[in-house]
Amino acid sequence: MRINSILAVVAVTLAAKVSAECFAKRLGYSCCTTTKEVVSIDPNGKWGIENGHICGIEEKLNVSSSEGKVSIEKRESIWKTYMNKVKITEFCPPEFLERKDGVEYPAIENISYYSTTTQSERPLVVVLPPNYNEKKKYPVVYILHGIMTDGSFMLQEGFGTVTIPGNLFHKHMAKEFIMVLPNQYAPAPGTEVEPNLNEEYFAGYNNFINDLVNDIMPYMKKHYSIATGKKNTAICGYSFGGRNSLYIGLKRPDLFGYVGSFSPAPGILPGDDVFTGHHNGLFKEEKDVVFAGKPPYLTMISCGTNDTVVGTFPKSYHEALTHNNQQHIWYEMTGLDHADDAAINSPYYNFFSSIFGQVNKKGNKVIKDKTRKVVKTKTKKINKVQINTKKVKVTKTKKIVNEKKIDESKYKDY
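Residue numbers 83 to 496, in our numbering, belong to the letters of the sequence shown in order.
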(Lines of atoms letter the chains of each structure in order from A and count residues from 1; the text may use other names and numbers.)
(Lines give C-alpha, C1' and ligand atoms only; values in the text may rest on other atoms or scores of the structure.)
Protein backbone atom coordinates (compact mmCIF):
# COMPACT_ATOMS: atom_id res chain seq x y z
CA MET A 1 0.00 0.00 0.00
CA ARG A 2 2.80 2.36 0.94
CA ILE A 3 4.68 1.49 -2.28
CA ASN A 4 1.54 2.17 -4.33
CA SER A 5 1.18 5.56 -2.66
CA ILE A 6 4.79 6.44 -3.40
CA LEU A 7 4.37 5.35 -7.03
CA ALA A 8 1.21 7.43 -7.29
CA VAL A 9 3.01 10.52 -6.03
CA VAL A 10 5.89 9.90 -8.43
CA ALA A 11 3.46 9.48 -11.33
CA VAL A 12 1.63 12.68 -10.45
CA THR A 13 4.92 14.55 -10.10
CA LEU A 14 6.09 13.35 -13.50
CA ALA A 15 2.74 14.27 -15.04
CA ALA A 16 3.03 17.73 -13.53
CA LYS A 17 6.53 18.08 -14.94
CA VAL A 18 5.41 17.04 -18.42
CA SER A 19 2.49 19.48 -18.31
CA ALA A 20 4.78 22.30 -17.23
CA GLU A 21 7.21 21.55 -20.02
CA CYS A 22 4.52 21.26 -22.67
CA PHE A 23 3.57 24.94 -22.71
CA ALA A 24 7.03 25.87 -24.07
CA LYS A 25 7.44 22.87 -26.35
CA ARG A 26 4.01 23.36 -27.94
CA LEU A 27 5.16 26.86 -28.91
CA GLY A 28 8.37 25.61 -30.49
CA TYR A 29 10.70 26.38 -27.57
CA SER A 30 12.65 24.20 -25.17
CA CYS A 31 12.24 23.96 -21.41
CA CYS A 32 14.94 25.42 -19.18
CA THR A 33 17.16 22.74 -17.63
CA THR A 34 19.07 24.75 -15.03
CA THR A 35 18.11 28.42 -14.89
CA LYS A 36 15.27 29.63 -12.72
CA GLU A 37 15.82 33.34 -13.43
CA VAL A 38 12.70 34.81 -15.03
CA VAL A 39 13.40 37.35 -17.80
CA SER A 40 9.87 37.57 -19.18
CA ILE A 41 6.35 36.49 -18.39
CA ASP A 42 3.36 35.97 -20.65
CA PRO A 43 0.02 34.16 -20.28
CA ASN A 44 1.69 30.85 -21.14
CA GLY A 45 4.11 30.96 -18.24
CA LYS A 46 7.55 32.14 -17.20
CA TRP A 47 10.55 32.34 -19.53
CA GLY A 48 14.29 32.28 -18.95
CA ILE A 49 17.43 32.22 -21.08
CA GLU A 50 19.96 29.42 -21.49
CA ASN A 51 22.86 29.51 -23.95
CA GLY A 52 21.41 32.63 -25.55
CA HIS A 53 18.03 31.00 -26.23
CA ILE A 54 14.70 31.56 -24.54
CA CYS A 55 13.24 28.60 -22.66
CA GLY A 56 10.18 27.83 -20.58
CA ILE A 57 10.67 27.64 -16.81
CA GLU A 58 8.88 24.78 -15.07
CA GLU A 59 6.48 25.87 -12.39
CA LYS A 60 6.90 24.33 -8.96
CA LEU A 61 3.67 22.53 -8.24
CA ASN A 62 2.44 21.42 -4.84
CA VAL A 63 1.04 17.92 -5.26
CA SER A 64 -1.43 16.60 -2.72
CA SER A 65 -3.31 13.33 -2.52
CA SER A 66 -6.58 15.16 -3.17
CA GLU A 67 -5.32 16.77 -6.37
CA GLY A 68 -3.76 14.31 -8.77
CA LYS A 69 -4.28 16.15 -12.09
CA VAL A 70 -2.65 19.23 -13.53
CA SER A 71 -5.11 21.19 -15.67
CA ILE A 72 -3.81 23.11 -18.69
CA GLU A 73 -7.26 24.00 -20.04
CA LYS A 74 -7.25 27.47 -18.51
CA ARG A 75 -3.83 28.21 -19.93
CA GLU A 76 -4.84 27.09 -23.41
CA SER A 77 -8.11 29.02 -23.28
CA ILE A 78 -6.16 32.27 -22.81
CA TRP A 79 -5.30 32.12 -26.52
CA LYS A 80 -8.90 33.01 -27.26
CA THR A 81 -8.39 36.53 -25.90
CA TYR A 82 -7.76 39.45 -28.22
CA MET A 83 -4.16 40.25 -27.38
CA ASN A 84 -3.02 36.67 -27.77
CA LYS A 85 -4.15 36.70 -31.39
CA VAL A 86 -1.69 39.48 -32.18
CA LYS A 87 1.54 38.55 -33.97
CA ILE A 88 4.48 40.90 -33.48
CA THR A 89 7.03 41.51 -36.25
CA GLU A 90 10.17 43.08 -34.81
CA PHE A 91 10.75 45.35 -37.83
CA CYS A 92 8.28 46.65 -40.39
CA PRO A 93 8.67 44.80 -43.74
CA PRO A 94 10.30 47.31 -46.14
CA GLU A 95 7.59 46.93 -48.79
CA PHE A 96 5.04 48.52 -46.44
CA LEU A 97 7.13 51.70 -46.24
CA GLU A 98 7.22 52.26 -50.01
CA ARG A 99 4.74 54.13 -52.18
CA LYS A 100 3.74 51.75 -54.96
CA ASP A 101 2.13 52.23 -58.34
CA GLY A 102 -1.49 51.16 -58.38
CA VAL A 103 -1.95 51.68 -54.64
CA GLU A 104 -4.09 54.53 -53.32
CA TYR A 105 -2.89 56.19 -50.14
CA PRO A 106 -4.67 58.19 -47.43
CA ALA A 107 -5.30 61.89 -48.07
CA ILE A 108 -4.10 64.61 -45.69
CA GLU A 109 -6.32 67.50 -44.55
CA ASN A 110 -5.11 70.42 -42.45
CA ILE A 111 -8.00 71.97 -40.55
CA SER A 112 -8.66 73.90 -37.34
CA TYR A 113 -11.16 73.61 -34.50
CA TYR A 114 -12.11 75.71 -31.50
CA SER A 115 -10.99 74.29 -28.17
CA THR A 116 -12.98 75.11 -25.05
CA THR A 117 -10.08 73.62 -23.08
CA THR A 118 -7.55 76.22 -24.25
CA GLN A 119 -10.16 78.80 -25.37
CA SER A 120 -8.39 79.15 -28.69
CA GLU A 121 -8.46 78.02 -32.32
CA ARG A 122 -6.13 75.06 -32.76
CA PRO A 123 -4.68 73.18 -35.77
CA LEU A 124 -5.56 69.57 -36.50
CA VAL A 125 -4.30 67.13 -39.13
CA VAL A 126 -6.87 64.61 -40.36
CA VAL A 127 -5.79 61.75 -42.63
CA LEU A 128 -8.64 60.11 -44.54
CA PRO A 129 -8.54 56.60 -46.03
CA PRO A 130 -8.57 56.25 -49.84
CA ASN A 131 -11.99 56.89 -51.40
CA TYR A 132 -13.37 58.24 -48.14
CA ASN A 133 -17.17 57.93 -48.28
CA GLU A 134 -19.44 59.91 -45.96
CA LYS A 135 -22.03 57.15 -46.18
CA LYS A 136 -19.60 54.73 -44.54
CA LYS A 137 -18.59 54.80 -40.87
CA TYR A 138 -14.85 54.59 -40.16
CA PRO A 139 -12.99 53.80 -36.93
CA VAL A 140 -10.52 56.43 -35.72
CA VAL A 141 -6.88 56.37 -34.58
CA TYR A 142 -5.57 59.38 -32.64
CA ILE A 143 -1.78 59.68 -33.12
CA LEU A 144 0.25 61.77 -30.66
CA HIS A 145 3.60 63.43 -31.47
CA GLY A 146 6.73 63.91 -29.35
CA ILE A 147 7.77 66.87 -27.22
CA MET A 148 8.12 70.33 -28.85
CA THR A 149 6.70 69.20 -32.21
CA ASP A 150 3.15 69.04 -33.61
CA GLY A 151 0.81 66.71 -35.45
CA SER A 152 2.37 67.32 -38.86
CA PHE A 153 5.74 66.12 -37.51
CA MET A 154 4.37 62.58 -37.53
CA LEU A 155 3.88 62.71 -41.31
CA GLN A 156 7.59 62.25 -42.08
CA GLU A 157 7.99 59.72 -44.87
CA GLY A 158 10.30 57.43 -42.90
CA PHE A 159 7.73 57.00 -40.15
CA GLY A 160 5.25 55.35 -42.52
CA THR A 161 2.23 57.18 -41.09
CA VAL A 162 0.65 57.31 -44.56
CA THR A 163 2.36 54.48 -46.46
CA ILE A 164 1.93 51.71 -43.89
CA PRO A 165 -1.87 52.11 -43.56
CA GLY A 166 -2.22 52.57 -47.33
CA ASN A 167 -0.35 49.36 -48.09
CA LEU A 168 -2.15 47.48 -45.31
CA PHE A 169 -5.53 48.66 -46.63
CA HIS A 170 -4.56 47.61 -50.16
CA LYS A 171 -3.66 44.10 -48.98
CA HIS A 172 -6.75 43.87 -46.74
CA MET A 173 -4.45 43.50 -43.75
CA ALA A 174 -6.07 46.34 -41.83
CA LYS A 175 -9.54 47.76 -41.54
CA GLU A 176 -9.76 51.22 -43.14
CA PHE A 177 -9.58 53.96 -40.53
CA ILE A 178 -9.28 57.74 -40.14
CA MET A 179 -6.14 59.12 -38.48
CA VAL A 180 -6.19 62.28 -36.37
CA LEU A 181 -2.91 64.03 -35.54
CA PRO A 182 -3.50 66.81 -32.99
CA ASN A 183 -1.21 69.30 -31.30
CA GLN A 184 -0.62 67.88 -27.82
CA TYR A 185 0.40 71.07 -26.08
CA ALA A 186 -2.95 72.22 -24.68
CA PRO A 187 -2.38 74.49 -21.68
CA ALA A 188 -5.32 75.81 -19.70
CA PRO A 189 -6.00 79.53 -20.30
CA GLY A 190 -3.36 81.69 -18.66
CA THR A 191 -0.89 78.83 -18.07
CA GLU A 192 1.01 78.79 -21.38
CA VAL A 193 4.80 78.95 -20.98
CA GLU A 194 7.81 78.93 -23.29
CA PRO A 195 8.88 75.46 -24.49
CA ASN A 196 11.26 73.88 -22.01
CA LEU A 197 12.02 70.52 -20.45
CA ASN A 198 10.36 71.18 -17.12
CA GLU A 199 7.18 70.34 -15.24
CA GLU A 200 5.61 73.74 -15.99
CA TYR A 201 5.77 73.09 -19.72
CA PHE A 202 4.76 69.44 -19.37
CA ALA A 203 1.56 70.58 -17.62
CA GLY A 204 0.23 71.70 -21.00
CA TYR A 205 0.75 68.18 -22.33
CA ASN A 206 -0.83 66.64 -19.25
CA ASN A 207 -3.92 68.77 -19.92
CA PHE A 208 -4.26 67.42 -23.47
CA ILE A 209 -6.57 64.65 -22.25
CA ASN A 210 -9.26 67.31 -21.70
CA ASP A 211 -8.80 68.84 -25.15
CA LEU A 212 -8.99 65.40 -26.73
CA VAL A 213 -12.06 64.17 -24.89
CA ASN A 214 -14.03 67.42 -24.67
CA ASP A 215 -13.14 69.10 -27.95
CA ILE A 216 -11.38 66.99 -30.59
CA MET A 217 -13.47 63.84 -30.31
CA PRO A 218 -16.81 65.72 -30.42
CA TYR A 219 -15.50 67.73 -33.40
CA MET A 220 -14.59 64.56 -35.27
CA LYS A 221 -17.98 63.02 -34.55
CA LYS A 222 -19.75 66.12 -35.86
CA HIS A 223 -17.70 66.74 -39.00
CA TYR A 224 -16.58 63.28 -40.16
CA SER A 225 -18.25 59.95 -40.73
CA ILE A 226 -16.82 58.00 -37.82
CA ALA A 227 -17.82 54.85 -35.98
CA THR A 228 -18.05 55.54 -32.25
CA GLY A 229 -17.41 53.53 -29.10
CA LYS A 230 -14.19 52.04 -27.75
CA LYS A 231 -14.37 49.17 -30.22
CA ASN A 232 -13.85 51.75 -32.98
CA THR A 233 -11.42 54.12 -31.25
CA ALA A 234 -7.64 53.80 -30.88
CA ILE A 235 -4.88 56.02 -29.54
CA CYS A 236 -1.14 55.70 -30.02
CA GLY A 237 1.92 57.91 -29.85
CA TYR A 238 5.69 58.20 -29.93
CA SER A 239 8.01 59.45 -27.17
CA PHE A 240 6.04 62.09 -25.21
CA GLY A 241 3.06 61.02 -27.31
CA GLY A 242 3.67 57.44 -26.20
CA ARG A 243 3.67 58.60 -22.60
CA ASN A 244 0.39 60.47 -23.07
CA SER A 245 -1.31 57.73 -25.09
CA LEU A 246 -0.59 55.25 -22.29
CA TYR A 247 -1.78 57.72 -19.65
CA ILE A 248 -4.98 58.50 -21.54
CA GLY A 249 -5.60 54.81 -22.18
CA LEU A 250 -5.25 54.09 -18.47
CA LYS A 251 -7.53 56.97 -17.46
CA ARG A 252 -10.19 56.51 -20.16
CA PRO A 253 -10.43 52.84 -21.15
CA ASP A 254 -14.15 53.48 -21.59
CA LEU A 255 -13.31 55.51 -24.71
CA PHE A 256 -10.25 53.76 -26.18
CA GLY A 257 -10.22 50.09 -27.08
CA TYR A 258 -6.68 50.06 -28.46
CA VAL A 259 -3.65 51.78 -26.94
CA GLY A 260 -0.15 52.01 -28.46
CA SER A 261 2.77 53.47 -26.50
CA PHE A 262 5.92 53.67 -28.63
CA SER A 263 9.22 54.52 -26.88
CA PRO A 264 7.25 56.39 -24.19
CA ALA A 265 8.91 59.28 -22.36
CA PRO A 266 9.36 59.62 -18.59
CA GLY A 267 6.58 60.96 -16.39
CA ILE A 268 3.99 58.23 -15.94
CA LEU A 269 5.57 57.53 -12.55
CA PRO A 270 7.81 59.71 -10.38
CA GLY A 271 11.44 59.51 -11.46
CA ASP A 272 14.52 61.39 -12.59
CA ASP A 273 16.31 61.90 -15.88
CA VAL A 274 19.15 64.19 -16.93
CA PHE A 275 16.97 66.35 -19.21
CA THR A 276 14.26 67.34 -16.77
CA GLY A 277 15.50 66.37 -13.36
CA HIS A 278 12.63 65.10 -11.27
CA HIS A 279 9.25 64.05 -12.69
CA ASN A 280 6.35 64.32 -10.28
CA GLY A 281 4.54 61.48 -12.02
CA LEU A 282 1.04 61.32 -13.49
CA PHE A 283 0.54 58.41 -11.08
CA LYS A 284 2.18 58.75 -7.68
CA GLU A 285 2.80 55.06 -7.00
CA GLU A 286 3.29 51.95 -9.10
CA LYS A 287 0.15 50.35 -7.62
CA ASP A 288 -1.90 53.18 -9.17
CA VAL A 289 -0.91 52.23 -12.74
CA VAL A 290 -4.11 50.35 -13.53
CA PHE A 291 -6.91 50.85 -16.03
CA ALA A 292 -9.73 52.94 -14.58
CA GLY A 293 -12.35 50.56 -15.96
CA LYS A 294 -12.81 47.66 -18.33
CA PRO A 295 -9.38 47.43 -20.04
CA PRO A 296 -8.70 48.02 -23.74
CA TYR A 297 -8.77 45.07 -26.11
CA LEU A 298 -5.15 45.81 -26.96
CA THR A 299 -2.41 47.70 -25.12
CA MET A 300 1.01 47.63 -26.80
CA ILE A 301 4.28 49.11 -25.50
CA SER A 302 7.53 49.03 -27.49
CA CYS A 303 11.06 50.44 -27.34
CA GLY A 304 14.48 50.02 -28.94
CA THR A 305 17.12 48.16 -26.95
CA ASN A 306 19.61 51.01 -27.48
CA ASP A 307 17.32 53.94 -26.67
CA THR A 308 19.55 56.69 -25.28
CA VAL A 309 16.71 59.16 -24.66
CA VAL A 310 14.00 57.36 -22.69
CA GLY A 311 16.28 54.59 -21.44
CA THR A 312 14.52 52.10 -19.20
CA PHE A 313 11.37 54.16 -18.59
CA PRO A 314 9.28 52.18 -21.13
CA LYS A 315 10.31 48.93 -19.48
CA SER A 316 9.40 50.35 -16.07
CA TYR A 317 5.87 50.99 -17.35
CA HIS A 318 5.67 47.43 -18.60
CA GLU A 319 6.86 46.18 -15.22
CA ALA A 320 4.32 48.32 -13.37
CA LEU A 321 1.49 46.96 -15.52
CA THR A 322 2.78 43.42 -15.04
CA HIS A 323 2.98 43.78 -11.26
CA ASN A 324 -0.58 45.13 -11.25
CA ASN A 325 -1.89 42.30 -13.45
CA GLN A 326 -2.86 44.68 -16.27
CA GLN A 327 -2.95 42.87 -19.61
CA HIS A 328 -0.63 44.30 -22.26
CA ILE A 329 1.97 43.48 -24.90
CA TRP A 330 5.60 44.52 -24.48
CA TYR A 331 8.34 44.06 -27.06
CA GLU A 332 11.78 45.46 -27.80
CA MET A 333 13.47 46.22 -31.14
CA THR A 334 17.06 45.05 -31.29
CA GLY A 335 19.68 47.77 -31.73
CA LEU A 336 17.30 50.71 -32.19
CA ASP A 337 17.84 54.14 -30.67
CA HIS A 338 15.14 56.69 -29.95
CA ALA A 339 15.64 58.70 -33.17
CA ASP A 340 15.55 55.72 -35.53
CA ASP A 341 12.62 55.71 -37.96
CA ALA A 342 12.12 52.01 -37.27
CA ALA A 343 11.34 52.82 -33.63
CA ILE A 344 8.14 54.33 -35.02
CA ASN A 345 7.33 52.38 -38.17
CA SER A 346 7.79 48.99 -36.49
CA PRO A 347 5.11 49.53 -33.81
CA TYR A 348 2.96 51.33 -36.40
CA TYR A 349 2.95 48.19 -38.54
CA ASN A 350 2.14 45.91 -35.60
CA PHE A 351 -0.48 48.23 -34.12
CA PHE A 352 -2.30 49.18 -37.33
CA SER A 353 -2.52 45.54 -38.45
CA SER A 354 -3.97 44.46 -35.10
CA ILE A 355 -6.63 47.03 -34.20
CA PHE A 356 -10.38 47.12 -34.85
CA GLY A 357 -10.71 43.34 -34.84
CA GLN A 358 -8.03 42.82 -37.49
CA VAL A 359 -5.87 40.34 -35.59
CA ASN A 360 -3.74 37.49 -36.83
CA LYS A 361 -4.98 33.98 -36.29
CA LYS A 362 -1.77 32.65 -34.80
CA GLY A 363 -0.58 33.24 -31.25
CA ASN A 364 1.79 35.97 -30.25
CA LYS A 365 5.49 35.84 -30.96
CA VAL A 366 8.22 38.21 -32.07
CA ILE A 367 9.57 37.67 -35.57
CA LYS A 368 13.11 38.97 -36.08
CA ASP A 369 14.21 40.52 -39.37
CA LYS A 370 17.89 41.31 -39.76
CA THR A 371 17.51 42.92 -43.22
CA ARG A 372 16.13 46.21 -41.91
CA LYS A 373 17.72 49.58 -42.52
CA VAL A 374 18.15 51.99 -39.61
CA VAL A 375 17.35 55.59 -40.55
CA LYS A 376 17.60 58.53 -38.16
CA THR A 377 14.64 60.87 -37.80
CA LYS A 378 15.02 64.58 -38.36
CA THR A 379 14.85 65.51 -34.69
CA LYS A 380 16.87 67.84 -32.49
CA LYS A 381 20.03 66.37 -31.00
CA ILE A 382 20.10 66.25 -27.22
CA ASN A 383 22.47 64.78 -24.68
CA LYS A 384 22.17 61.13 -23.80
CA VAL A 385 20.35 60.04 -20.69
CA GLN A 386 22.66 58.37 -18.22
CA ILE A 387 20.59 55.46 -17.09
CA ASN A 388 21.84 52.10 -15.89
CA THR A 389 20.47 49.38 -18.12
CA LYS A 390 21.01 45.66 -18.20
CA LYS A 391 21.26 44.22 -21.69
CA VAL A 392 20.06 40.66 -22.15
CA LYS A 393 20.89 38.99 -25.43
CA VAL A 394 17.94 36.96 -26.63
CA THR A 395 17.78 34.99 -29.84
CA LYS A 396 14.02 34.68 -29.65
CA THR A 397 11.85 36.92 -27.53
CA LYS A 398 8.39 36.46 -26.14
CA LYS A 399 5.94 39.23 -25.47
CA ILE A 400 5.40 40.01 -21.83
CA VAL A 401 1.81 40.45 -20.83
CA ASN A 402 1.26 39.56 -17.18
CA GLU A 403 2.06 36.89 -14.68
CA LYS A 404 -1.48 36.04 -13.64
CA LYS A 405 -4.27 34.56 -15.69
CA ILE A 406 -6.26 36.83 -18.00
CA ASP A 407 -9.95 37.37 -17.24
CA GLU A 408 -11.51 36.46 -20.59
CA SER A 409 -14.84 38.06 -19.67
CA LYS A 410 -13.15 41.44 -20.14
CA TYR A 411 -12.74 40.67 -23.84
CA LYS A 412 -16.16 39.15 -24.57
CA ASP A 413 -16.83 41.70 -27.35
CA TYR A 414 -14.16 39.97 -29.41
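We treat Cβ as the ideally placed atom computed from N, Cα and C, and that holds for glycine.
Identified DSSP bridge partners for residue i
i: residue 184; result: The partner list for residue 184 (beta bridge, DSSP) is empty, contrary to what the question assumes.
i: residue 319; result: 226, 343
i: residue 203; result: 196
i: residue 220; result: 308
i: residue 353; result: 361
i: residue 384; result: 344, 413
i: residue 113; result: 138
i: residue 263; result: 207
Rounded Cβ spacing between residue i and residue j (contact assumed at less than 8 Å)
i: residue 415; j: residue 384; result: 7 Å
i: residue 165; j: residue 223; result: Not a contact, Cβ separation roughly 18 Å.
i: residue 257; j: residue 221; result: 7 Å
i: residue 310; j: residue 304; result: Not a contact, Cβ separation roughly 12 Å.
i: residue 241; j: residue 423; result: 6 Å
i: residue 329; j: residue 308; result: That belief does not hold up - the Cβ atoms of residue 329 and residue 308 are roughly 23 Å apart, past 8 Å.
i: residue 419; j: residue 390; result: 6 Å
Among the options, nearest to residue i - alpha-carbon criterion
i: residue 187; options: 193, 248, 338, 205; result: 248
i: residue 432; options: 412, 309, 272, 285; result: 412
i: residue 421; options: 200, 211, 236, 362; result: 236
i: residue 266; options: 272, 209, 199, 242; result: 199
i: residue 340; options: 351, 315, 285, 304; result: 315
i: residue 379; options: 206, 244, 338, 296; result: 338
i: residue 201; options: 313, 278, 272, 325; result: 272
i: residue 405; options: 370, 326, 294; result: 370
i: residue 400; options: 263, 214, 284, 324; result: 324
i: residue 318; options: 206, 226, 171; result: 226
i: residue 176; options: 239, 296, 307; result: 239
i: residue 219; options: 306, 116, 208, 163; result: 306
i: residue 206; options: 350, 263, 215; result: 263
i: residue 352; options: 330, 398, 390; result: 398
C-beta contact flag for residue i and residue j at 8 Å
i: residue 335; j: residue 366; result: no
i: residue 333; j: residue 298; result: no
i: residue 289; j: residue 364; result: no
i: residue 228; j: residue 321; result: yes
i: residue 426; j: residue 373; result: no
i: residue 178; j: residue 438; result: no
i: residue 402; j: residue 368; result: yes
i: residue 362; j: residue 281; result: yes
i: residue 286; j: residue 300; result: no
i: residue 117; j: residue 131; result: yes
i: residue 191; j: residue 208; result: yes
Cβ-based neighbour list, residue i, same chain, cut-off 7 Å, excluding 5 preceding and 5 following
i: residue 434; result: 246, 247, 250, 256
i: residue 204; result: 194, 195, 197, 265
i: residue 360; result: 354
i: residue 277; result: 230, 283
i: residue 327; result: 226, 317, 318, 319, 341, 342, 343
i: residue 180; result: 245
heavy atom of the ligand MN below 7 Å from residue i C-beta
i: residue 386; result: What this structure holds is no ligand at all, so the ligand MN is not there to describe.
Close-in-space but distant-in-sequence residues of the same chain around residue i (CB under 6 Å, 5 per side omitted)
i: residue 189; result: 210
i: residue 381; result: 341, 410
i: residue 358; result: 279
i: residue 430; result: 242, 246
Cβ shell of residue i (< 8 Å), same chain only, five flanking positions each side left out
i: residue 417; result: 386, 387, 388, 456
i: residue 213; result: 186
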